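Written below as structure tokens is the structure these notes are about.
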Amino acid sequence: MVVIQGPRFSTRAESQWFANQGFRLVNMTGYPESVLARELEMCYAAIALVTDVDAGVEAGQGVKAIDVFAEFERNLVPFKKLVH
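Now the structure itself:
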């Protein structure tokens, strides 16, 4: 997983570089949350809700926030089943 500074999506060039480096998941919050949890001596596990194919992976119009939010909403049903 690579973590980028949000709230923004990576550029096509960044996405291609991440893929070339072997990263398979791009995230905006994975790093700061894990460090803060560790500082508080909290147990921490990350569950990723994949919402889109990164901009550099395939040709197209790129990532649109409205599509990401819609996919996130659809992912909430199986996520809630997982954690309950």
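Residue numbering for the sequence shown follows the numbering used here, beginning at 750 and increasing consecutively.
Backbone N, C-alpha and C define an ideal beta-carbon position, used for all residues, glycine too.
From a predicted model like this one, the values you see are computed outputs, not experimental measurements.
- Distance check between residue 813 and each of 751, 757 and 750 places 757 closest, using alpha-carbon atoms only.
- Excluding five sequence positions before and after residue 824, the CB atoms of its chain that fall closer than 8 Å to its own CB belong to 798, 799 and 800, given in chain order.
- According to the DSSP secondary-structure assignment, residue 752 is paired through a beta bridge with 776.
- Excluding residues up to 5 positions away in sequence, 764 and 775 lie with their Cβ nearer than 6 Å to the Cβ of residue 803 in the same chain.
- Taking the CA atoms as reference points, residue 753 sits about 11 Å from residue 760.
- In the three-state DSSP reduction, residue 830 falls in the helix class (H, G or I).
- In this structure residue 767 is buried. Its beta-carbon is surrounded by 16 or more other beta-carbon atoms within 10 angstroms.
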